[in-house]
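As structure tokens, the structure follows; a few thoughts come after it.
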Amino acid sequence: MTAQPDQILCIGSVLWDVIGRSASHMRQGSDVPGRISRLPGGVAMNIAMTLVRFGLTPVLLTAIGRDAEGDELVAACAQLGMQTNHIYRSEDLPTDRYMAVEGANGLIAAIADAHSLEAAGDKILRPLTDGSLGRDGAPFAGRVALDGNLTQSLLEHIAQSPAFAAADLRVAPASPGKAERLLPFLNHQRATLYVNLEEAGLLCQTTFATADEAATGLLARGALRVLVTDGGNSATEADAHQTITQTPPEVLVTRVTGAGDTFMAAHIAAEAAGADRNAALSRALQAAATYVSGETPL
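Quick look at the structure:
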């Protein structure tokens, strides 16, 4: 089933982010003044928010509870311009949450409570087979942003499922702790992987010094196409035919949660608009730099 030109499926975590930020350097046990915010978040949500800013229409496939927090979250998503009519709403699972603490020296600690998304399993994928977004013999043919907050078994299912046989899969691990969940996509012929330097090392069971080295390692393991970031250091986009490495703009970092998701979404949006590979990488790095500097909305 052919997607509308501006339609991109965002599959994964949509939850409430509770983020504490302080201008102070922090360490374990620090108790400092700062600000605490609650905002719509999750990898799929962060990607979707950036896609909206680039004029695209994200379609959310996720699990959200039928509790008050869930109703509020769905309303917020719709107000932001996302399609919410395909979200799986659970009667007995609470709406997921993510909690993080950030200091002037970056992310101090975070806990992702995505247990409801994991418990919902393949129920979130029903629109891809019931005729809403795809069906047997006519799978969804468009871009799909997929995040690693799904369970290992569900990701393995997606990697092999006929429902994704015509999709342009863009996959991110959500966090280093979930990087190895992406192993089913290392030899996938329709998947582009978006990882940071640490996540690339975990997937290859080694360590890399640079994004370029990591991209080479992932391709050697069978990856079709990869984008590897390394904070403020060089980032690399590569496949079997071409390797592109660029350095992101230097900015004052005021936040980090969601930066990788912004990079991924901006890159997808740039390619959807027809940008070549050099331009797409440049736009993605600029968007991520602008985000971490605090110049764009959360």
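Note that the numbering used here has the sequence shown beginning at 600, numbered continuously upward.
Here a beta-carbon is modelled for each residue, glycine too, at the ideal position from N, C-alpha and C.
The structure presented is a predicted model; accordingly, all values stated were derived computationally and were not measured.
Please report the residue range of the beta strand (DSSP E) in which Arg652 lies.
Careful: Arg652 lies outside any beta strand (DSSP E), inside the alpha helix (DSSP H) at Val642 to Arg652.
Answer with buried or exposed for Thr805, where buried requires no fewer than 16 other C-beta atoms within 10 angstroms of its C-beta.
exposed
Going by other Cβ atoms of all chains shown within 10 Å of its Cβ, with 16 needed for buried, is Glu690 buried or exposed?
exposed
Please report the straight-line C-alpha distance between Ala834 and Gln751, rounded to a whole angstrom.
27 Å
If distances are taken between C-alpha atoms only, which option among Glu894, Arg742 and Asp721 comes closest to Leu569?
This structure cannot speak to residue 569, because the chain is shown only from 600 to 897.
Does any residue of chain D have a CB that is nearer than 8 Å to the CB of Glu798?
Protein chain content of the structure displayed is limited to a single chain, and chain D is not contained in it.
Less than 8 Å between the CB atoms is what I'm expecting for Ala719 and Tyr687, so what's the real figure, rounded?
6 Å
From which residue to which residue does the beta strand (DSSP E) around Leu922 run?
No answer is possible for residue 922: it lies beyond the span of the chain, which begins at 600 and ends at 897.
Which value, in whole angstroms, describes the spacing of the CA atoms of Thr694 and Gln682?
18 Å
Along the chain, where does the beta strand (DSSP E) containing Thr835 start, and where does it finish?
Asn832 to Asp838
Could you work out which residue in Ser774, His866 and Trp615 is closest to Leu826 when comparing CA atoms only?
His866
Output the distance between the C-alpha atoms of Thr656 and Asp605, rounded to the nearest integer angstrom.
6 Å
For Ala822, which three-state DSSP category applies?
coil
My output table needs one value for Ala662: the three-state DSSP class, helix, strand or coil.
strand
Counting along the chain, where does the alpha helix (DSSP H) carrying Ile723 start and finish?
Premise fails: Ile723 is in no alpha helix (DSSP H) and is neither H nor E.
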